[in-house]
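Residue numbers (our numbering): 45 to 285.
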């Protein structure tokens, strides 16, 4: 199973100019802009994530068809991708007897934290603001200000919804309007209005990010039951990796 999954996913990374750092169980760690310069590294990584999403859909369809033919069940396989654009150290790292060409640094860790956060946030691809700013033509939605484990300062996380074609569609533009209105109402402590906008956005959202509105709905309902303190700051602290 793992080889069947990792082979096409690795092909996607390489086809989009990425460097595979290592495999960690069923996960792939990859980076862009090294060893060769890539002026479009943020966009290429985002497009790779979208291509991986499409590849996973094909794999799921095949696996489930094979399982059905053999009269057995096969659960849908899901994944999470964390994208972070920043500064890191890249090179041959290790000992005199063995080393790997790898990337290390705080921004590498943030990418890992974003990947881990996808399961809580209800999205499959999460990125920091710098990645979004380097590829503004793609379809992005702000998730929240996140304080991830091991960090004290928040990062603005964004969900990657789709490519530039989706970003120009009327449906996505309407979704983005409802989504932004939800965030504004939520941050202004107008939770009744935020709930209305969350439900309207959920009706327009593709399946890949539908969990985000279930996540926000839960937060909003909690605050409607018990309003936050007056000094409440609208950001999310994630204590798990």
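We treat Cβ as the ideally placed atom computed from N, Cα and C, and that holds for glycine.
Since we're looking at a predicted model, the values are computed, not measured.
Do you know whose CA, among the options, lies nearest residue i's CA?
i, options, result
"residue 226", "244, 176, 146 and 55", "244"
"residue 81", "63, 69 and 73", "63"
"residue 122", "107, 141 and 284", "107"
"residue 110", "45, 260 and 203", "45"
"residue 128", "100, 142 and 175", "175"
"residue 150", "274, 130, 266 and 99", "130"
"residue 209", "275, 202, 180 and 125", "180"
"residue 100", "202, 125 and 85", "125"
"residue 257", "203, 212 and 58", "203"
"residue 57", "91, 68, 79 and 47", "91"
If you follow the beta strand (DSSP E) that residue i is part of, which residue opens it and which one closes it?
i, result
"residue 171", "169 to 172"
"residue 144", "143 to 148"
"residue 103", "It is not in any beta strand (DSSP E) - residue 103 instead sits in the alpha helix (DSSP H) that spans 85 to 113."
"residue 136", "133 to 138"
I'd like to know whether the C-beta atoms of residue i and residue j end up nearer to each other than 8 Å.
i, j, result
"residue 163", "residue 282", "no"
"residue 264", "residue 166", "no"
"residue 183", "residue 216", "yes"
"residue 158", "residue 220", "no"
"residue 230", "residue 278", "yes"
Counting along the chain, where does the alpha helix (DSSP H) carrying residue i start and finish?
i, result
"residue 264", "254 to 269"
"residue 308", "A question about residue 308 goes unanswered here, because the residues of the chain that appear run from 45 up to 285."
"residue 57", "46 to 59"
Check your understanding: Is the region 153 to 170 touching the region 183 to 193 in the sense that three or more CB pairs, one from each, lie closer than 8 Å?
Key -> yes
Check your understanding: Is the number of C-beta pairs between the region 109 to 120 and the region 190 to 208 that are closer than 8 Å three or more?
Key -> no
Exercise for review: Note down, one range per segment and in chain order, each alpha helix (DSSP H) of at least 4 residues found wholly within the region 185 to 253.
Suggested key: 208 to 211, 214 to 231 and 235 to 246
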